[in-house]
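> Take this structure, written in structure tokens, and hold onto it; I'll ask about it next.
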Amino acid sequence: MSILLDSSTMVIVQGITGREGGFHTEQMQSMGTKVVGGTSPGKGGTTHLGVPVFDTAADAVRATGANASGIFVPAPFAADAIMEAAAAGITLIVCITEGIPIQDMIRVKEFLRGYPQARLVGANCPGLITPGQAKIGIIPQRITSPGAVGLVSRSGTLTYEVASALSAAGLGQSTIVGIGGDPVLGLTFRDVVELFVQDPGTTNLVLIGEIGGSDEEHAAELLARGSRLKAVAFISGRTAPEGKRMGHAGAIISGNRGTAKSKEEAFRKAGVAVAETTDDIVGMLR
Amino acid sequence: MSILLDSSTMVIVQGITGREGGFHTEQMQSMGTKVVGGTSPGKGGTTHLGVPVFDTAADAVRATGANASGIFVPAPFAADAIMEAAAAGITLIVCITEGIPIQDMIRVKEFLRGYPQARLVGANCPGLITPGQAKIGIIPQRITSPGAVGLVSRSGTLTYEVASALSAAGLGQSTIVGIGGDPVLGLTFRDVVELFVQDPGTTNLVLIGEIGGSDEEHAAELLARGSRLKAVAFISGRTAPEGKRMGHAGAIISGNRGTAKSKEEAFRKAGVAVAETTDDIVGMLR
Amino acid sequence: MKLLEYQAKEVLASLGIAIPPGVVARNPAEAAAAFARLGPVAVKAQVPVGGRGKAGGIKLASSEAEARRAAEQIIGMDIKGFKVPLVYCEAALDIAREIYLGFTVDRDARANILMLSAKGGMEIEQVAEESPAAIARLYPNPWRGPLDFELTQLVFDAGLGDLSRPLVSLIKKLYRAIPDYDALTAEINPLVVTKRGEVIAGDAKLEIDDNAMWRHKDLEEKYGAVIEGDPYEVEAKKRGLTYVSLDGDIGIIGNGAGLCMGTLDLVQRAGGRPANFCDIGGGAKAEVVENALAVILMNPKVKGVLINVFGGITRGDEVAKGVVTARDNLKMTLPLVVRMSGTREEEGREILKRNGIEPGVSGWEAAKKIVELTRAGVT
Amino acid sequence: MKLLEYQAKEVLASLGIAIPPGVVARNPAEAAAAFARLGPVAVKAQVPVGGRGKAGGIKLASSEAEARRAAEQIIGMDIKGFKVPLVYCEAALDIAREIYLGFTVDRDARANILMLSAKGGMEIEQVAEESPAAIARLYPNPWRGPLDFELTQLVFDAGLGDLSRPLVSLIKKLYRAIPDYDALTAEINPLVVTKRGEVIAGDAKLEIDDNAMWRHKDLEEKYGAVIEGDPYEVEAKKRGLTYVSLDGDIGIIGNGAGLCMGTLDLVQRAGGRPANFCDIGGGAKAEVVENALAVILMNPKVKGVLINVFGGITRGDEVAKGVVTARDNLKMTLPLVVRMSGTREEEGREILKRNGIEPGVSGWEAAKKIVELTRAGVT
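Structural data, given as structure tokens:
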């Protein structure tokens, strides 16, 4: 079992004719992901990588019935592509693009309130993979293996690192979700944890957090209510110095939240084991 | 019985300390309307016409439990006042103000989609009155009398004219609603007709329409489905010359709709009698 | 306020939209100078109404003499009640395609609508009727404005996908006329694609919401005085009245647009022909009635006046006194019928009678009376 | 990009917000001239960090000599790693009240937040902690911006109702910094009400989203070069690296922010002190590694470097070759530990060993190794 994505998910790739989009579409296809089409304005009617290309996401959805999209377009166009996907009826939107202006994403978040069925993963994230079934994004398939560990992470490379270690230790994964590290993003830690809690195919949970924001604390609150999942958390950045901030506005709203300490304490309180290094995670899961 | 408004409705007046707002508040009070407060930024904490004044509509609603508001503020501030009332939880908003820019009203209409409980009457309308019980707006009480005729109109003075004639003939009114003549407004003809159809206290219906738009046609469609109400319609402007329009955009979207002829035909098709002059209405109702 | 073509184009240019080179000419000499500067030009009458082409208001000039002659013929001509104050001399475009692009208010949808069609040019209304699917439509959210993906879809839906980038960019610029200038209509027809691939506004229509002019005093100052329409309408506007000239001989005054329109209907039904629509709004103060009467009496065709007032808040006796005062101040001698109803209507009628003014009981009676009196006047 | 105070104030002024008269001075003579023009001034260090007052970066000058001396003392001083490039000489205000006003991004709410408090000035963070209710808050809808009634409520909630009109108007102007300039923070503290009742920005902080600088090339051109921060950070920025200077002696390179931060944690845990944070992003091309190493080696405190790379798409052997090439090109002799995992990690380690670079199997082992090697270097 899995969350969000499985072998039946019908995926389009926005920006399929681009270098990144094309490369990762091939990777996605090579593990069996059902890529049913792609978009590239002006190239509608052509075929790329064996699938039809459309001018717009709405055209693609109408023609293919796609319900998921991977977005690989440059940052200046990515926010628009997310909104386009939602308006076209896509319910799982995965935006890999890095460097989207924060104000664009704030507007996107507000826009998405009008499309409650649409779930956004990212932006600036590696995407998600359900090993053995499908992936949307750039998580390398070969470091993953099917199983029952749910993995959710704010960091790309740390995700790979932990997934590798889990796979090497014979601990397969139900789904791996890289939610991204941007300040304003789609699915939160808590959202993903909630999905894993409801997934009968997931028995263990690994949470890779980072300093900043309160997402980890919110996820911990949810787990503190009791869950059948055996969980291990890791927070990176515990020794990072406070940013060279200016102005008081940030301090006024964040107070003492967002430090590695507050996150680790929240997890411990929730009965979640906290790993000191990623190397420790596998041992603590068994 | 009545629609929208009765003696239990708790009304605030936005702009109560202004000349118009004050004058009509007194008129509203003199017929027994439950005016529970008013707003005027900076005058919060004072009392005017025997009711408390608040700085904002939210403050007024919190303190008084008001569920309706009459807006008597100048045009540059009126759109904001409507949104303020909706955000404060007011469910019946009556905006008398004339001359609100159309783009302001288009934004207001979109804003109100987020507040589906809020019903807006107007702007640029005489408001509504449930004779013998309460009024919000400027329809003179003395030309009305309680009864069972529902009256909905796009025109102010024609409403007065018809109400007077009805009252003089002993035909009292359940509620009189002046929806206003602006191109972009709140409740439509059809919305109000729908309420009258559902009101057991209303047995007859008078509709005073005007050339332009398709609201009358839409109301006729509703009545064409069959209704227990005996209805008479009048359309003013049948001899008015076509506006000196420029550009094609208006013609492209309106086509042949909006003429007096199309409206009268729609009503006749729906089984609604069409009066040639307002003088004929009373006779046709009996 | 309906801007003239050259004014609308100036606004479009300020929004970043390409327009052809052009020069305003107030007299034949200026038109000749424009030719000298621009070469072959279209000499176009500047009036805030459509149909000037059919009315002979556009002439092509391929020499200085032709430009001069065209201006001579066009300046001062009357197009649908507007005296042409000046012409706009514009360089001819090397047209490859003509597109229709327009924003306007769709009052049924209570929203702005954006329309785009590959079949631009004069016949767009016919296109709308015969093949409505040829016009792609979008209702932009008024807070967000049209989004890129929405515009991209629109452009492809209109079959203009090959121009997707320039059109999306141009439409976003044109849209700014709505929030920035309270435009009710912002239309470019034709939007010209030249043989070199440039996208240029061939014509432009811009109507600014009169209710929002307080936000655009700059536009009013810059352009307000140029447009010369019907002289009575101009005068009425100065006096703050809602007035429209019609071509009959019975002056009409009413309070409220509905009542006023209803009065026109009644007069017409009684066999008369209204000379105007004039709404004096709520109440009926002597000063406002006097202003309205004054404008109506400027028109020599007017043979009599019907005033139809409903006294809602205002009392009938006060209205009557106001009308009498206004008539006396203006020394009006033409037939005058006043119909009023509402509070104290009897007292009001009494005052009118005492002052030799015919009072009407119902609108229909009053309409018949004024028609009768004006006919009598003719005989 | 964090603007300096005078830059932020220039932007605020362009949005229509009142600022005190002020002059930028790049040297003591210019400060003296500023005094001559403005009279008594505050001479303020221009650095993109808070706390300059406590660091001695603000001095009042009531004579030309004092202004000159203040500039002498302040220009060139180091405030939290920033060398003060210039001072801003600003006329003193006749302060009646100090208000706090700020927009920023609330990442938990994924929205912009607007905060307003009657208790402005230096101690606002204390106010936030001790009496949070003294700070009124609003999350404006990002498409609509803050609406008038929302701002009116905010102003009354903050107990500033007597200033409702000027504050609502000012806040709307300040808000424009968000959509127009991609501001992440736009703060005025104190917002000064003078004894004459004017509302003026006493200080100003403006941070523009680096990810949106392509939309604001004008700002970057105008202000980008003025701010002189940590020299390694400046150099790293030129080379397109995500780099933050720290005060230890072990250089760190990682791909991905999470992995990089995790590496800092490991080094610290192993008893070492990182000299920097440097994220080279996905892949690990020789050129990027070389740029990162070059910047790190500029710092004379650095005694060794740890590279921690996970090869996701990139293969381990390619990463190894890239690292070897970079080291050779830079003729680096300091201890270098490279830990890599992912595809073809064994082949990669083999290449490293062959070239005399210490390969690490796990991050933790690698961290201990570089700490050991750099300590050995000291002995």
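These protein sequence lines are chains A, B, C and D, in that order. Reminder that position 248 of the first sequence reads as 248 in my numbering, one-by-one numbering, no gaps. Reminder that position 261 of the second sequence reads as 1261 in my numbering, one-by-one numbering, no gaps. Reminder that position 34 of the third sequence reads as 2034 in my numbering, one-by-one numbering, no gaps. Reminder that position 41 of the fourth sequence reads as 3041 in my numbering, one-by-one numbering, no gaps. Think of the CB as a built atom: it goes at the ideal place given N, C-alpha and C, for glycine as much as any other residue. Keep in mind the model is a prediction, meaning the values are calculated, not measured.
1. With 16 as the cutoff for other CB atoms within 10 Å, does residue 2364 of chain C come out buried or exposed?
2. Distance cutoff 7 Å, beta carbons only. Does residue 2057 of chain C sit that close to anything in chain A?
3. What did DSSP end up calling residue 3354 of chain D once you bin it into helix, strand or coil?
4. Determine the contact status of residue 92 of chain A and residue 4 of chain A, defining contact as a CB-CB distance below 7 Å.
5. Flag residue 3164 of chain D as yes if its beta-carbon sits less than 7 Å from any beta-carbon of chain B, otherwise no.
6. With burial defined as no fewer than 16 other Cβ atoms inside 10 Å of the residue's Cβ, what is the status of residue 2234 of chain C: buried or exposed?
7. Residue 2196 of chain C CB to nearest chain D CB: under 7 Å?
8. Could you give the first and the last residue of the continuous beta strand (DSSP E) run that contains residue 2244 of chain C?
9. What residues of chain A sit near residue 2147 of chain C, judged by a beta carbon separation below 7 Å?
10. Return the residue from the list A/171, A/170 and A/178 that minimises the CA-CA distance to residue 160 of chain A.
11. Residue 1028 of chain B: buried (16+ other C-beta within 10 angstroms of its C-beta) or exposed?
12. Run the CB neighbour count on residue 3378 of chain D, radius 10 Å, all protein chains shown included, and call it buried at 16 or more, exposed below.
13. Could you check whether the segment 3181-3196 of chain D touches the segment 3093-3110 of chain D, counting it as contact only if at least three pairs of C-beta atoms, one from each stretch, sit closer than 8 Å?
14. Taking CB distances under 7 Å as the criterion, tell me whether residue 2269 of chain C reaches chain D.
15. Report the option in B/1095, B/1146 and B/1216 whose CA atom is closest to the CA atom of residue 1236 of chain B.
16. Are three or more beta carbon pairs between the segment 146-158 of chain A and the segment 3234-3244 of chain D nearer than 8 Å?
17. Hey, does residue 1227 of chain B have any beta-carbon neighbour from chain C nearer than 7 Å?
18. What residues in its chain sit with their C-beta under 6 Å from that of residue 3357 of chain D, if we drop five residues either side in the sequence?
19. Determine the burial state of residue 281 of chain A: buried for a count of at least 16 other Cβ atoms within 10 Å of its Cβ, exposed for fewer.
20. When the Cα of residue 289 of chain A is compared with those of A/54, A/283 and A/56, which residue comes out closest?
21. Where does the unbroken beta strand (DSSP E) through residue 54 of chain A begin, and where does it stop?
22. Using only CA atoms, which one of B/1270, B/1114 and B/1118 lies nearest to residue 1069 of chain B?
23. With a threshold of 16 other CB atoms inside 10 Å of the CB of residue 2257 of chain C, please say whether the residue is buried or exposed.
24. Can you tell me the Cα-Cα spacing of residue 3354 of chain D and residue 3360 of chain D, whole angstroms?
25. For residue 3021 of chain D versus residue 3091 of chain D, is the C-beta spacing smaller than 7 Å?
26. Got a sec? Which residues, its chain only, sit under 7 Å from residue 1102 of chain B by beta carbon, not counting five neighbours each side?
27. Report all residues from its chain with a CB closer than 8 Å to the CB of residue 3174 of chain D; omit the five preceding and five following residues, and keep chain order.
28. Would you mind reading off the limits of the beta strand (DSSP E) that contains residue 3152 of chain D?
29. Quick one: which unbroken alpha helix (DSSP H) runs of 4-plus residues sit fully inside the segment 3097-3167 of chain D? Chain order, please.
30. Nearest to residue 1223 of chain B by CA position, among B/1038, B/1266 and B/1036, is which residue?
31. Rounded to a whole number of angstroms, what is the C-alpha to C-alpha distance between residue 1065 of chain B and residue 1052 of chain B?
32. Quick one: which chain A residues come within Cβ less than 9 Å of residue 3255 of chain D?
33. Counting only Cβ-Cβ distances shorter than 7 Å, please list the residues of the segment 180-193 of chain A near chain D, keeping chain order.
34. Quick one: list the residues of chain C neighbouring residue 55 of chain A, beta-carbon separation under 7 Å, in chain order.
35. Should the segment 3205-3219 of chain D be regarded as contacting the segment 3255-3273 of chain D, the criterion being three or more beta carbon pairs within less than 8 Å?
36. In whole angstroms, what is the alpha-carbon distance linking residue 1125 of chain B and residue 1156 of chain B?
On the basis of the coordinates in this document:
1. Flag for residue 2364 of chain C reads buried.
2. When Cβ-Cβ separations below 7 Å define contact, residue 2057 of chain C makes no contact with chain A.
3. Assigned with DSSP and collapsed to three states, residue 3354 of chain D falls in helix.
4. In this structure, residue 4 of chain A lies closer than 7 Å to residue 92 of chain A by Cβ.
5. At least one chain B Cβ lies under 7 Å of residue 3164 of chain D.
6. Exposed, by the Cβ-count rule.
7. For residue 2196 of chain C, not one C-beta of chain D is nearer than 7 Å to its own C-beta.
8. Looking at the DSSP string, the run of the beta strand (DSSP E) that includes residue 2244 of chain C is 2242-2245.
9. Chain A residues near residue 2147 of chain C: 80 and 83.
10. Ranking the options by Cα distance to residue 160 of chain A, first place goes to A/178.
11. Buried is the call here.
12. Residue placement at residue 3378 of chain D cannot be trusted, given a pLDDT of 48 that sits under 50; the coordinates are not used to answer.
13. Yes: the two stretches touch, three or more of their Cβ pairs being nearer than 8 Å.
14. With 7 Å as the cut-off, residue 2269 of chain C does not count as an interface residue toward chain D.
15. That would be B/1216, whose Cα lies nearest to the Cα of residue 1236 of chain B.
16. In this structure the segment 146-158 of chain A does not touch the segment 3234-3244 of chain D; the number of beta carbon pairs closer than 8 Å is below three.
17. No, because no Cβ of chain C sits closer than 7 Å to the Cβ of residue 1227 of chain B.
18. Closer than 6 Å at Cβ, skipping near neighbours: 3336 and 3338.
19. Taking all protein chains shown into account, residue 281 of chain A has 16 or more neighbouring C-beta atoms within 10 Å of its C-beta and is therefore buried.
20. In this structure chain A extends from 1 to 286, so residue 289 of chain A is not present and cannot be described.
21. For residue 54 of chain A, the enclosing beta strand (DSSP E) covers residues 51-54.
22. The option with the nearest alpha carbon to residue 1069 of chain B is B/1118.
23. In this structure residue 2257 of chain C is buried. Its beta-carbon is surrounded by 16 or more other beta-carbon atoms within 10 angstroms.
24. Distance between the alpha carbons of residue 3354 of chain D and residue 3360 of chain D is about 14 Å.
25. Annotated as proximal: residue 3021 of chain D and residue 3091 of chain D, with beta-carbon spacing under 7 Å.
26. Taken in chain order, the residues that qualify are 1183 and 1184.
27. Within the same chain, residue 3174 of chain D has close Cβ partners 3012, 3015, 3017, 3101, 3103, 3186 and 3188.
28. First-last for residue 3152 of chain D: 3148-3157, but that is the alpha helix (DSSP H), not the beta strand (DSSP E).
29. Within the segment 3097-3167 of chain D, the complete alpha helix (DSSP H) runs of at least 4 residues are 3124-3130 and 3148-3157.
30. It is B/1266.
31. Those two C-alpha atoms are separated by around 13 Å.
32. The contacting residues are 156 and 157.
33. Residues 181, 183 and 184.
34. By Cβ distance, chain C contributes 2156 and 2161.
35. Using a C-beta cut-off of 8 Å, the segment 3205-3219 of chain D makes no contact with the segment 3255-3273 of chain D, since fewer than three inter-stretch Cβ pairs fall below that distance.
36. When rounded, the distance between both Cα atoms is 7 Å.
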